[in-house]
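The opening residue of the sequence shown carries number 0 in our numbering; numbering runs sequentially from there. Below is one structure, written out as structure tokens; the observations come after it.
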Amino acid sequence: MALNFFDQFMSPTYMGIPLMALALTLPWLLYPTPTTRWLNNRLLTLQSWFINRFTQQLLMPLNVGGHKWALMLTSLMMFLFTINLLGLLPYTFTPTTQLSLNMGLAVPLWLATVIIGMRNQPTAALGHLLPEGTPALLIPVLIIIETISLFIRPLALGVRLTANLTAGHLLIQLIATAVYVLLPMMTTVALLTATVLFLLTLLEVAVAMIQAYVFVLLLSLYLQENV
Numbered sequence: 000m001a002l003n004f005f006d007q008f009m010s011p012t013y014m015g016i017p018l019m020a021l022a023l024t025l026p027w028l029l030y031p032t033p034t035t036r037w038l039n040n041r042l043l044t045l046q047s048w049f050i051n052r053f054t055q056q057l058l059m060p061l062n063v064g065g066h067k068w069a070l071m072l073t074s075l076m077m078f079l080f081t082i083n084l085l086g087l088l089p090y091t092f093t094p095t096t097q098l099s100l101n102m103g104l105a106v107p108l109w110l111a112t113v114i115i116g117m118r119n120q121p122t123a124a125l126g127h128l129l130p131e132g133t134p135a136l137l138i139p140v141l142i143i144i145e146t147i148s149l150f151i152r153p154l155a156l157g158v159r160l161t162a163n164l165t166a167g168h169l170l171i172q173l174i175a176t177a178v179y180v181l182l183p184m185m186t187t188v189a190l191l192t193a194t195v196l197f198l199l200t201l202l203e204v205a206v207a208m209i210q211a212y213v214f215v216l217l218l219s220l221y222l223q224e225n226v
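Shown next, in the form of structure tokens:
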């Protein structure tokens, strides 16, 4: 039974072909394509409003040099946002529960921010490794600690997204299994448990959106340090 709970995190296959590529492509097919008309329909208007508001919120703390990343960060936000929400539907697979995918997103983007900092302002980028006014005896220790914390950033990005989504999906499945088992024996308790399951599902919807936003927000903060 314990192993069955983790089967939902296995990449589905069809005739031996992994369906991860389909799960990653599907979100882009769900969004309506902008038209050249003067007036858009309500769905396109709502989509444009959401993207504009998020882009403004994201670029607010960034310098002008970081505005080049607007398209990439906004696209990443929409991508993670859609994948996380689609994973809450029955009989679906959530690619962001795979640490390999999250690290594949986190490491290149984090490394790009570090390379930009080293290229544009190497003195300031290296200055983050040693706070100003540090006593001479603590300089070697602080440099080692700050270097380790710098390389832990992409790991923290990937693990945070994976752990939050995995824990939520596991908890939903555990409570749903409890409702299924209790329903024929204790109907009242099963109904109360189902109410908890409904509230937990609403919480997981919020977590799916928040984790996508936090992932992109932390990337923008890393970018701000190096721009």
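Just so it is clear, CB atoms sit at the ideal spot from N, CA and C, and this is done for glycine as well.
Cβ neighbour criterion (16 or more within 10 Å) applied to residue i
i, result
"residue 168", "buried"
"residue 207", "buried"
"residue 176", "exposed"
"residue 12", "exposed"
"residue 68", "buried"
"residue 55", "exposed"
"residue 179", "exposed"
"residue 221", "buried"
"residue 188", "exposed"
"residue 132", "exposed"
"residue 47", "exposed"
"residue 157", "buried"
"residue 62", "exposed"
"residue 225", "buried"
Residues that residue i bridges to, as DSSP identifies them
i, result
"residue 13", "16"
Helix, strand or coil at residue i according to DSSP, with G and I counted as helix
i, result
"residue 132", "coil"
"residue 212", "helix"
"residue 1", "Low confidence applies to residue 1: its pLDDT is 49, below 50, so where it sits in the model is not reliable, and the reading given next is rough at best. In this structure, residue 1 counts as helix in the three-state DSSP scheme."
"residue 33", "coil"
"residue 163", "helix"
"residue 226", "coil"
"residue 139", "helix"
"residue 97", "coil"
"residue 83", "helix"
"residue 127", "coil"
"residue 26", "helix"
"residue 230", "Given that the chain is displayed from residue 0 to residue 226, the structure contains no residue 230 and the question cannot be resolved."
"residue 62", "coil"
"residue 120", "coil"
"residue 38", "coil"
Endpoints, alpha helix (DSSP H) assigned at residue i
i, result
"residue 46", "41 to 58"
"residue 91", "Taken as a continuous stretch (DSSP letters only), residue 91 belongs to no alpha helix (DSSP H), as it is neither H nor E."
Count Cβ pairs between the region 153 to 170 and the region 93 to 110 that sit closer than 8 Å; are there 3 or more? Yes, the region 153 to 170 is in contact with the region 93 to 110.
Meets three-Cβ-pair contact criterion under 8 Å: the region 106 to 122 and the region 136 to 156: Taking 8 Å as the limit for Cβ pairs, the verdict is that the region 136 to 156 does touch the region 106 to 122.
Quick check: the region 210 to 222 against the region 71 to 81, are there 3 or more CB pairs under 8 Å? The region 210 to 222 is in contact with the region 71 to 81.
Indicate whether the contact test is met: 3 or more Cβ pairs, each with one atom in the region 26 to 34 and one in the region 81 to 90, closer than 8 Å. Yes, since at least three Cβ pairs between the region 26 to 34 and the region 81 to 90 fall closer than 8 Å, the two stretches touch.
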